[in-house]
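**Q** Sharing a structure here in structure tokens format.
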Ligand code: HEA
Ligand code: HEA
Ligand code: CUA
Ligand SMILES: [Cu+2]
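Below is the structure:
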């Protein structure tokens with residue numbers, strides 16, 4: 064966020080705010096992102112609670128016959144998403160060293176992989192053979208993967224903005240806060256998918 | 005503690021506690037108990053109330069005293085003494101409440117465990133709740149169903165609940181026992197009635213527009229009278245005499261909880277007065293027989309003026325057998341003519 | 032405004048006809064709402080047509096997507112809450128400290144997106160009072176219906192809608208945001224910060240509120256009527272047996288909840304990263320502590336109510352089977368998820384009040400807070416315990432029986448940290464120099480009434496007692512003793528306490544005291560008898576009741592109208608004092624916390640220079656003690672203001 068932020072020179076009679084004092088080593092934006100992720104985890108937590116009630120307490124068979132889940136395709140999709148965590152990491156480390164091209168390539172790759180993931184999931188939905196109204200198993204399946212998909216979509220939008228800004232040359236070795244914060248979110252989306260994949264497809 | 009504060013503190017405390025105790029004792033807070041469970045809950049209630057009154061009196065005493073004693077004079081701009089705390093005092097007021105609530109917890113857990121323990125020779129009653137009616141069936145009498153809950157005195161009763169549509173809740177204030185009925189799962193409640201009488205059964209979980217009227221009665225009878233009723237009822241429904249059978253069906257399905265019918269001695273006000281069926285059939289422009297049958301099987305087909313749709317359960321059409329339905333219709337027609 | 036405008040000296044609000052339509056503001060909000068609604072409509076219809084779902088024009092999903100989701104987004108975008116981020120996102124130049132949206136010079140500025148925490152605080156307070164009055168009027172309609180047994184004015188469905196909307200407004204649009212508003216005003220000042228950490232997020236949080244409130248209220252006019260399943264919205268009644276209005280509730284809660292989460296996040300970041308030098312955690316005023324702990328609760332718990340409302344709404348709109356046992360769902364799941372938020376929510380509605388009362392009692396007793404550290408720690412203890420008691424709302428629900436005793440124990444234990452607070456306040460007053468201005472009266476009213484409400488809570492915590500009184504008027508009495516006698520009294524205390532600081536004028540003390548006494552007496556007459564009718568056998572949420580409760584209910588109804596009247600005194604006092612009350616000095620109560628060291632109302636950026644904190648905020652009676660040292664420039668300016 065700091066691309067163009069420079070403090071005004073503070074003369075005696077300024078009318079702006081006082082020079083802020085930061086009482087924590089973490090910057091507000093990073094701390095804010097972590098807290099936001101904490102509440103996101105709780106949102107996923109509520110969905111997993113619903114999953115728990117349906118699958119464990121109510122004992123719904125998983126998957127409920129005659130439906131079955133495309134475990135293998137989802138596995139490939141998982142690999143794609145996990146790889147994208149590495150590419151975004153590459154992007155952030157690049158820009159910290161001042162390597163703008165590494166940043167751009169990393170962001171583009173990450174974006175494309177995220178997009179592939181989302182498209183694969185959309186195709187999976189359309190071929191899966193059941194619908195949201197086909198019982199509790201289908202409900203939980205669509206809602207957990209759908210909630211995650213919505214997060215991928217948000218993550219992709221953030222990535223898109225980051226990429227635009229990267230190509231406009233807004234980031235440098237000194238100013239890379241925007242990349243870092245977006246990166247944290249993308250890592251979160253990836254980790255969350257591993258949990259979703261494990262509980263919905265594997266267990 | 006400053007000197008001379010103790011006496012006024014105790015004074016205010018006693019007055020506040022006294023007023024609270026007087027309020028507690030003078031008003032008829034709880035209904036007279038009619039079950040062994042209520043007889044255990046009421047003393048627990050008083051036990052907690054006493055603790056609460058003591059806590060309340062203590063707080064009021066200190067507050068009252070400070071308000072009277074430490075009021076600043078209008079021109080006094082000085083500050084109070086800079087006291088920052090007192091570890092001993094802080095430990096005391098952490099420990100005492102801990103002890104008090106622990107005591108409440110232990111006594112409650114004991115009462116709960118004893119109330120949940122079933123006695124010997126348990127009478128099981130299956131209860132079905134639906135929008136907006138109760139029905140009770142007795143496996144002991146081959147599944148005889150009744151719209152009112154009849155129970156023998158001094159026998160352990162296990163109510164097993166099922167809900168057809170949404171969550172309801174079974175409560176008899178005099179039994180002090182309450183249990184939600186949840187669609188999809190079975191819930192249970194244990195009652196040992198120990199006083200003869202007729203008590204209201206109230207639905208206490210919001211279940212839709214008819215929630216307020218989802219009521220019936222619990223009738224506690226002597227064991228002998230209960231046995232007689234149980235067997236009398238099973239034969240009455242099967243009686244070849246249609247008016248006897250119809251009256252039994254009417255009673256068993258709690259129609260009287262909502263409807264007035266002189267012949268059955270019921271005074272429900274939720275639905276239309278069934279003594280005036282003939283006039284209503286005319287208003288609906290249907291022959292009496294068809295009208296009554298349709299009103300029971302498909303209550304929303306014609307809704308009497310001034311009454312709401314969707315209050316009368318729409319399930320009687322499938323719940324009642326053909327014979328029962330015929331008997332019921334016959335019974336309503338003949339008794340409304342008399343009335 | 033063109034995307035490249037960076038200079039805040041050029042007000043983005045000035046301009047010709049083009050700006051009139053395209054510039055951020057109500058005009059743009061209007062057409063953008065319509066545009067977004069149309070987009071949502073098109074999206075649903077297109078998707079249904081493409082997926083070949085019949086009927087293509089199905090109103091529930093259309094209303095949901097276009098009116099309840101897209102139109103509000105359009106409204107926010109039109110108003111300009113997203114402008115900065117949008118520019119940032121597409122890579123246009125932005126200035127982090129663009130303060131063009133700061134401060135208010137006329138009443139019109141309160142109807143714009145403003146990033147000044149003080150303006151936002153006022154926006155919050157005024158909005159929430161409006162919803163308090165609306166919610167209160169619904170309560171009076173409830174009481175009118177209940178004055179006599181039988182149905183008088185409303186059919187049962189409408190009646191159920193009345194108290195459901197009453198409670199939802201009071202909780203989601205009055206108590207929770209009113210506290211957020213007071214804290215918005217006070218917390219940055221008390222910390223010695225110029226503003227919140229994220230001023231634009233702060234503005235967005237506020238503007239979500241009117242959306243939520245209007246959504247809940249407007250459910251009365253949709254076909255089928257308002258949601259009528261109580262503020263708890265239990266499934267499956269709310270998820271599958273309710274008219275379209277239920278979706279308005281589900282979605283309204285989402286907007287209010289999102290607002291709440293964003294504000295809490297903002298508070299946490301502000302408190303952690305923006306404290307003035309020297310302001311250690313152990314030197315923070317208890318109001319700040321209270322909002323810190325509350326915000327932790329909000330960030331962790333509120334996503335659960337979001338989840339519960341999503342599930343309920345999906346069951347309604349998409350026919351999923353979360354709570355539909357016929358299809359593999361589990362009905363009690365709703366209650367577990369809902370109460371995992373909503374029990375902590377009752378502390379979200381109480382802890383900020385504890386903070387306010389701590390400030391007021393210390394100042395008006397002229398004594399340091401007794402046991403300051405234990406006061407802060409007990410807040411943390413309540414937060415931690417608060418997460419482990421949710422099932423005390425479910426003692427009779429049919430949940431696993433073994434859960435009852437552990438939940439009873441944790442529930443009862445909450446009395447301990449709460450008791451510590453009560454006793455410490457009393458000890459703070461002990462030997463003090465008490466002054467009974469209106470804020471103090473409300474604080475003392477809170478102290479006595481909350482103890483009653485808390486004690487009835489302890490009774491409810493004991494499982495066998497709860498089994499008898501659950502879902503009766505005893506609960507209604509408990510609710511109002513803790514929420515009205517607790518939260519609302521502290522909100523009034525806070526409003527009177529900071530009124531001079533917020534408006535720069537003094538309120539009328541005599542009217543304030545009159546308001547207190549009318550409220551105090553009316554409140555007790557209204558809600559105390561409810562304990563009695565409840566225990567004797569009157570269930571809650573009924574429009575019609577047994578004739579034996581008739582006289583008491585008539586009494587309660589009459590008292591409630593008196594209670595309603597007391598609000599008029601409050602409104603009159605606030606409005607007239609704001610317009611022409613006497614000018615307030617910067618520190619009318621002789622408080623030590625930072626907000627009293629700047630002028631009333633505070634300057635736009637609070638401080639010329641960030642102050643240096645040197646001691647505890649409550650050193651009353653300690654000779655020469657100071658909480659903070661202000662930069663000299665500001666200090667002289669303050670003196671000028673204090674001499675009227
Ligand atoms: C501000 C809101 C608020 C607060 C602070 C509380 C505080 C408490 N509440 Fe309350 N509660 C509600 C709002 C609140 N509640 C609402 C809205 C509902 C109904 C929801 C619905 O169904 O619609 C509800 C319902 C509710 C129930 C469920 C009843 C039912 O539906 O069957 C229970 C049961 O345990 C309960 C318990 C408690 C307890 C133990 C506390 C404790 O935190 C109280 C602690 C305080 C004290 C105890 C007083 C001070 C302490 C001392 C002076 C120390 C000494 C004390 C002792 C030794 C006892 N509450
Ligand atoms: C903060 C929360 C809060 C507040 C302040 C109140 C305030 C009031 N409540 Fe509320 N109430 C709840 C929270 C609250 N309530 C909750 C959570 C429930 C449970 C709902 C459920 O079951 O789902 C409930 C339920 C509830 C019921 C039970 C309904 C039922 O179960 O059937 C009743 C019945 O008497 C009631 C009454 C009142 C009254 C009389 C007030 C009074 O204090 C209101 C005072 C009146 C006003 C403040 C209006 C003043 C305005 C004017 C007089 C007009 C002046 C206007 C101008 C000058 C423009 N409430
Ligand atoms: Cu059934 Cu309320
Ligand atoms: Cu609770």
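Protein chains in written order, with the working numbering: chain R, 64 to 266; chain L, 5 to 343; chain C, 32 to 675. Backbone N, C-alpha and C fix where the C-beta goes; we use that ideal spot for every residue, glycine too.
I think residue 151(C) touches residue 233(C), with their Cβ atoms under 8 Å apart; what is that distance to the nearest whole Å?
**A** About 5 Å; that satisfies the 8 Å criterion.
**Q** Mind reading off the beta-carbon distance from residue 152(L) to residue 258(L)? Whole number of angstroms is fine, and I expect it under 8 Å.
**A** With a Cβ gap of about 6 Å, residue 152(L) and residue 258(L) count as contacting.
**Q** So, is residue 232(R) buried or exposed, given that buried needs 16 or more other C-beta atoms within 10 angstroms?
**A** With fewer than 16 other Cβ atoms within 10 Å, it is exposed.
**Q** Does any residue of chain C bring its CB to less than 7 Å from the CB of residue 208(L)?
**A** Closer than 7 Å: yes.
**Q** In chain R, which residues lie less than 7 Å from residue 330(C) when you measure between Cβ atoms?
**A** By Cβ distance, chain R contributes 98, 101, 102.
**Q** Do residue 269(C) and ligand 3 come close, with the Cβ less than 6 Å from some heavy atom?
**A** False, no ligand heavy atom lies under 6 Å from that Cβ.
**Q** Any C-beta of chain L within less than 9 Å: which residues of the segment 127-159 of chain C qualify?
**A** For the segment 127-159 of chain C, which is checked against every Cβ of chain L, not one residue is closer than 9 Å.
**Q** Along the chain, which unbroken stretches of the beta strand (DSSP E) at least 3 residues long are found entirely within the segment 455-525 of chain C?
**A** As far as the segment 455-525 of chain C is concerned, it has no whole beta strand (DSSP E) run of at least 3 residues.
**Q** Indicate whether residue 225(R) and residue 170(R) have their beta-carbon atoms separated by less than 7 Å.
**A** Taking 7 Å as the Cβ cut-off, residue 225(R) and residue 170(R) qualify as a contacting pair.
**Q** Does chain C have any CB closer than 7 Å to the CB of residue 105(L)?
**A** Interface residue, yes.
**Q** Determine the direct distance from the alpha carbon of residue 232(L) to that of residue 239(L), and round the result to whole angstroms.
**A** Their backbone Cα atoms lie some 11 Å apart in a straight line.
**Q** Decide if residue 76(R) is buried, meaning its Cβ has at least 16 other Cβ atoms within 10 Å, or exposed.
**A** Residue placement at residue 76(R) is flagged as unreliable, the pLDDT there being 43, under the threshold of 50; a coordinate-derived value is accordingly withheld.
**Q** So residue 248(R) contacts chain C; which residues on that side make the cut at Cβ distance below 8 Å?
**A** By Cβ distance, chain C contributes nothing, its closest Cβ being about 14 Å from residue 248(R), past 8 Å.
**Q** Could you check whether the segment 148-168 of chain L touches the segment 247-262 of chain L, counting it as contact only if at least three pairs of C-beta atoms, one from each stretch, sit closer than 8 Å?
**A** Yes: at least three Cβ pairs fall under 8 Å.
**Q** For the segment 211-238 of chain L, list every residue whose C-beta sits within 8 Å of some C-beta in chain C, in sequence order.
**A** Here the close residues are 211, 212, 213, 214, 215, 216, 217.
**Q** How would you write the range of the beta strand (DSSP E) that residue 140(L) sits in, first residue to last?
**A** Unbroken beta strand (DSSP E) run through residue 140(L): 137-142.
**Q** Contact criterion: CB-CB distance below 7 Å. Does residue 126(L) meet it with respect to chain C?
**A** By this cut-off, residue 126(L) is not an interface position.
**Q** Report the rounded CA-to-CA distance for residue 360(C) versus residue 210(L), giving the unit in angstroms.
**A** Cα-Cα distance, rounded: 20 Å.
**Q** With respect to the beta strand (DSSP E) encompassing residue 18(L), which residues constitute its N-terminal and C-terminal limits?
**A** Element bounds for residue 18(L): not the beta strand (DSSP E) but the alpha helix (DSSP H), 10-30.
**Q** So what does residue 182(L) bridge to, in DSSP terms?
**A** Its beta-bridge partners are 175(L).
**Q** Pop quiz: residue 452(C) and residue 419(C) are said to be a contact at Cβ under 8 Å. What is the actual Cβ separation, rounded to whole angstroms?
**A** At roughly 19 Å, the Cβ-Cβ gap does not stay under 8 Å, so residue 452(C) and residue 419(C) are not in contact.
**Q** Please report the straight-line C-alpha distance between residue 58(C) and residue 90(C), rounded to a whole angstrom.
**A** If I take the Cα positions, the gap works out to 28 Å.
**Q** Going by C-alpha to C-alpha distance, which of 239(C), 327(C), 211(C) sits closest to residue 227(C)?
**A** Residue 227(C) has its Cα closest to that of 211(C), out of 239(C), 327(C), 211(C).
**Q** May I ask you to list, following chain order, the residues of the segment 153-165 of chain R that have a beta carbon less than 9 Å from some beta carbon of chain C?
**A** Going along the segment 153-165 of chain R in chain order, one finds no residue with a Cβ nearer than 9 Å to chain C.
**Q** Verify the contact flag: residue 377(C), CB atom, against every heavy atom of ligand 4, threshold strictly below 6 Å.
**A** Checking the Cβ of residue 377(C) against ligand 4 gives yes.
**Q** For residue 349(C), which residues in chain R fall below 8 Å Cβ to Cβ?
**A** Those are 195, 196, listed as they occur along chain R.
**Q** To be precise: take each residue of the segment 80-94 of chain L, compare its Cβ to all Cβ atoms of chain C, and keep it if any distance is under 9 Å. Which residues remain?
**A** Against chain C - using a Cβ distance shorter than 9 Å - the residues of the segment 80-94 of chain L are 80, 81, 82, 83, 84, 85, 86, 87, 88, 89, 90, 91, 93, 94.
**Q** For residue 540(C) and chain R, any beta-carbon pair shorter than 7 Å?
**A** No - not a single Cβ of chain R is within 7 Å of the one on residue 540(C).
**Q** Report the residue from 218(L), 243(L), 213(L), 223(L) whose alpha carbon sits nearest the alpha carbon of residue 256(C).
**A** Nearest of 218(L), 243(L), 213(L), 223(L) to residue 256(C), Cα basis: 213(L).
**Q** In terms of residue numbering, what span does the beta strand (DSSP E) encompassing residue 207(L) cover?
**A** Residue 207(L) -> beta strand (DSSP E) spans 201-207.
**Q** Less than 6 Å between the CB of residue 218(L) and some heavy atom of ligand 3, yes or no?
**A** Correct: residue 218(L) has its Cβ closer than 6 Å to ligand 3.
**Q** Buried or exposed: where does residue 171(L) fall if 16 or more other Cβ atoms within 10 Å of its Cβ makes it buried?
**A** The residue in question, residue 171(L), is buried, as its Cβ has 16 or more Cβ neighbours within 10 Å.
**Q** With distances taken from CA atoms, which of 650(C), 386(C), 584(C) is nearest residue 398(C)?
**A** The option with the nearest alpha carbon to residue 398(C) is 650(C).
**Q** Take residue 204(L) as the anchor and find which of 579(C), 629(C), 633(C) has the nearest alpha-carbon.
**A** Among 579(C), 629(C), 633(C), the Cα nearest to that of residue 204(L) belongs to 579(C).
**Q** Relative to the C-alpha of residue 407(C), which residue among 636(C), 283(C), 641(C), 323(C) is closest?
**A** Ranking 636(C), 283(C), 641(C), 323(C) by Cα distance to residue 407(C) puts 323(C) first.
**Q** Please give me, in chain order, every unbroken run of the alpha helix (DSSP H) with length at least 4 that falls completely inside the segment 282-308 of chain L.
**A** The qualifying runs are 292-301.
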